[in-house]
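In this text, residue positions in the sequence shown follow the working numbering: the first is 10, and each later residue adds one.
Quick reminder that beta carbons are idealized off the backbone N, C-alpha and C, glycines included.
Comments concern the structure below.
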Amino acid sequence: MPVNKSKIALGFIVAGALTLVMGAIFLFVGPAIMKDQVIKNTVIDPKNEMSYTMWKDVPVPFYMSVYFFNVLNPKEILRGEKPMVEQRGPYVYRKRIQKDNITFHANSTVSYREYRRYAFEPSMSSGNESDVVTIPNMLVLGAAIMMENMPYAVRLMISATFKTFKEGPFLTKPVGELMWGYDSGLVEFLNKYMPGMLPSSGKFGLFADFNNSDTGLFTINTGSDDIRKIHKVDSWNGLTELSNWKTPQCNMINGTAGQMWPPFMTRESTLEFYSPDACRSMELVYQRDGVMKGIPLYRYVAPKTLFANGTDYAPNEGFCPCRQSGLLNVSSCRHNSPVFISHPHFFNADPVLLDYVQGLNPTEEEHGLFIDIHPLTGVPLNVSIRLQLNLFMKKVSGITETGKISDVVMPMIWFEESGYIDGPILNSFHTNLVVLPAVMDFMQYGFIALGLATIIVASLLYRKFKRSNTNVKMSSTGVDNPGASYKEWVKDAHDHEKKEMSNSEK
10 MPVNKSKIAL
20 GFIVAGALTL
30 VMGAIFLFVG
40 PAIMKDQVIK
50 NTVIDPKNEM
60 SYTMWKDVPV
70 PFYMSVYFFN
80 VLNPKEILRG
90 EKPMVEQRGP
100 YVYRKRIQKD
110 NITFHANSTV
120 SYREYRRYAF
130 EPSMSSGNES
140 DVVTIPNMLV
150 LGAAIMMENM
160 PYAVRLMISA
170 TFKTFKEGPF
180 LTKPVGELMW
190 GYDSGLVEFL
200 NKYMPGMLPS
210 SGKFGLFADF
220 NNSDTGLFTI
230 NTGSDDIRKI
240 HKVDSWNGLT
250 ELSNWKTPQC
260 NMINGTAGQM
270 WPPFMTREST
280 LEFYSPDACR
290 SMELVYQRDG
300 VMKGIPLYRY
310 VAPKTLFANG
320 TDYAPNEGFC
330 PCRQSGLLNV
340 SSCRHNSPVF
350 ISHPHFFNAD
360 PVLLDYVQGL
370 NPTEEEHGLF
380 IDIHPLTGVP
390 LNVSIRLQLN
400 LFMKKVSGIT
410 ETGKISDVVM
420 PMIWFEESGY
430 IDGPILNSFH
440 TNLVVLPAVM
450 DFMQYGFIAL
460 GLATIIVASL
470 LYRKFKRSNT
480 NVKMSSTGVD
490 NPGASYKEWV
500 KDAHDHEKKE
510 MSNSEK
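Have a look at this one:
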């Protein structure tokens, strides 16, 4: 029995149409399936093994790199000359994070305490913890400003106390002691007779309260009732707002705890998070798209308004009293000590700050902070948080240790907390967030393209085969009836075709 090529072509047209329909279905259903999978795997739930482990134990290696501003001319500073500093470091510490006391609540929130431990990494450091550096003595110069408005006689007594315990305006000690604490007779005296005046009840160090400590009791949303609220802070230490600042806006606890964010981010999204160490909420803004080992990301950076003063940016008035833009006054949550936070080397700060200290050279590449986020899941892929600790120094009458120091915001140290996803976790992310979506895209558009191509080619072949069959039949009729007219040929061919179709149906 001869093969009817027209019917075969017609069958391909039908198959192409079905393929096109499948592609269209994938086009509309695929994103919904992907969204459902993201929601299912990002909700904070012990049943979601990978995402829950990432949230609970933070398996990504984090490092804190510390740089000291070694003071080169302490004697000249006491005579009122400009401070000269040189950067020393980095001194790198491995940071381990683990959540404990995890308690899930009926209102779709979970409470926990996050503990952090630091261990020195000699192989990654430019120096050793035994390196000796000179920095301003916060106990003396900070206390001097705190006592500035006390009666003159009290200030004389404070100065005498400093002399008794041999505390001068500058410290020259090993890095390890400055970081994690050193013995001080003055600290013991203050803790005994003025408890609560110092943040630490033991040794005094810049990071003495950080090691083997927790960041407070966080209660955050799990996202089980609304994925848009996942990771957002519900309360901190039982508080839904702070009391450190002057305005309700500045006292708000906004955003997440700073480790993960809600999924489905856009370029208009911002990264809000609450930092207990800075005593405030912060907000980063989108800068650009990027790619990390094949995974798409959005880079978020600190806007210039983050540490702007109230004059340059009115909403920040609540964080004042302020000095130049680029400085955050954290004295209200640091026992009134004149401590300021800034970007390293006063990056993005008022240029006048650079005029007061010699030895600073700010650049965005080395001193700007950023967070690279995978927008679909809200998971950070690469993080670099860079901040600087500064001490405001000035001459205080009656406290001779301050000499003739000119008013200056003195950089002491800056540090970078960094980490990025790598290894098996990165491979898993690449498979689930790059390969699978690419396969789904291929299926969506591949089926549509294949369906359209099949329909077009099959339609052309169908027309060709139909025309060919008609010509053959017309030729056949012409041979049987040579004297027939053109109209008779067409009629005979048409009748012949109808007869064949009738026979095939029988």
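Can you list, in chain order, the residues of its chain whose CB lies under 7 angstroms from that of residue i, leaving out five sequence neighbours each side?
| i | result |
| --- | --- |
| A33 | I457 |
| V488 | For V488, the predicted structure reports a pLDDT of 47, less than 50, and the residue's modelled location is therefore unreliable. A value from the coordinates is still provided. Answer for V488: no residue qualifies. |
| L81 | M93, V94 and E95 |
| W189 | G214, F216, A217 and N220 |
| M147 | S346 and L400 |
| F438 | I304 and I430 |
| N263 | E281, Y283 and S290 |
With a 10 Å radius around its C-beta and 16 neighbouring C-beta atoms as the bar for buried, classify residue i as buried or exposed.
| i | result |
| --- | --- |
| M274 | buried |
| D192 | exposed |
| M291 | buried |
| P330 | exposed |
| Y283 | buried |
| V163 | exposed |
| R88 | exposed |
| R237 | exposed |
| R297 | exposed |
| Y161 | exposed |
| M402 | buried |
| G492 | Only weak support exists for where G492 lies, its pLDDT of 48 falling under 50; the coordinates are left without a value. |
| Q46 | exposed |
| V361 | exposed |
| Y307 | buried |
| Y454 | exposed |
| G428 | buried |
| A41 | exposed |
Beta-carbon within less than 8 angstroms of residue i's beta-carbon, same chain only, minus the 5 sequence neighbours each way: which residues are those?
| i | result |
| --- | --- |
| V23 | none |
| I422 | V75, Y76, F77, F78, I144, L215, Q397 and L398 |
| T279 | E292, L293, V294, Y295 and Y309 |
| P131 | N137 |
| V405 | A153, I154, M156, E157, R164 and T411 |
| K112 | As written in the sequence, residue 112 is Thr, which differs from the Lys given in the question. If we look at T112 and ignore the five residues flanking it on each side, its Cβ neighbours are V119, S120 and Y121. |
| G299 | P305, L306, Y307, R308 and D381 |
What are the boundary residues of the alpha helix (DSSP H) that includes residue i?
| i | result |
| --- | --- |
| P83 | P83 to L87 |
| N200 | G194 to Y202 |
| F179 | Unbroken run through F179 is the beta strand (DSSP E), F179 to P183; no alpha helix (DSSP H). |
| H439 | G432 to H439 |
| H344 | H344 -> no alpha helix (DSSP H), and no H or E assigned at all. |
| I65 | Sequence check: residue 65 is Lys here, not Ile. From DSSP, the alpha helix (DSSP H) with K65 extends over E58 to D66. |
For the candidate residues the options, whose alpha-carbon lies nearest to that of residue i?
| i | options | result |
| --- | --- | --- |
| G267 | A152, E123 and P312 | E123 |
| E375 | E425, E138, G335 and N200 | E425 |
| H383 | R276, F219, M452 and R332 | R276 |
| F129 | G185, M93 and E373 | G185 |
| C288 | I304, D321, L337 and G299 | L337 |
| G303 | V443, I154 and K241 | V443 |
| T224 | K212, W245 and H240 | W245 |
| W64 | A358, G432, P312 and H240 | H240 |
| N391 | F71, M166 and Q453 | F71 |
| D364 | F349, S60, S135 and K91 | K91 |
| S134 | V149, R97 and D321 | R97 |
| T265 | G377, V418, T249 and N253 | T249 |
| N441 | E281, K56, S60 and A323 | S60 |
| P178 | V141, P371, V149 and N110 | V149 |
Quick one: give me the first and last residue of the beta strand (DSSP E) that residue i is part of.
| i | result |
| --- | --- |
| W423 | V417 to Y429 |
| I394 | V388 to M402 |
| T411 | Taken as a continuous stretch (DSSP letters only), T411 belongs to no beta strand (DSSP E), as it is neither H nor E. |
| I304 | I304 to V310 |
| Y283 | L280 to S284 |
| D243 | V242 to W245 |
| T224 | S222 to N230 |
| D7 | An answer regarding residue 7 cannot be provided, because it is not within the stretch 10 to 515 covered by the chain. |
| Y124 | T118 to F129 |
| K108 | V94 to F113 |
Which same chain residues end up closer than 6 angstroms to residue i when comparing Cβ atoms and leaving out the 5 residues on each side of it in sequence?
| i | result |
| --- | --- |
| A48 | Correcting the residue identity first, residue 48 is Ile in this sequence and not Ala. Only I236 meet the Cβ criterion. |
| D359 | Q333, S334 and G335 |
| R105 | R126 |
| R251 | Looking at the sequence provided, one finds Leu at residue 251 rather than Arg. Excluding positions up to five away in sequence, the list reads N260. |
| V417 | Y365 and M402 |
| P312 | V294 |
May I ask you to check if the CB of residue i is nearer than 8 angstroms to at least one heavy atom of the ligand NAP?
| i | result |
| --- | --- |
| T173 | Of the ligands one can find in the structure shown there are none, so the ligand NAP has no counterpart to examine. |
So, does the stretch 406-415 touch the stretch 161-176, judging by three or more C-beta pairs under 8 angstroms?
yes
Stretch-stretch touch, CB-based, cutoff 8 angstroms, three pairs: the stretch 231-241 with the stretch 43-53
yes
With contact counted as at least three CB pairs below 8 angstroms, one residue from each stretch, are the stretch 378-398 and the stretch 351-361 in contact?
yes
Tell me, please, whether the stretch 59-75 touches the stretch 95-115 by the rule of three or more beta-carbon pairs shorter than 8 angstroms.
yes
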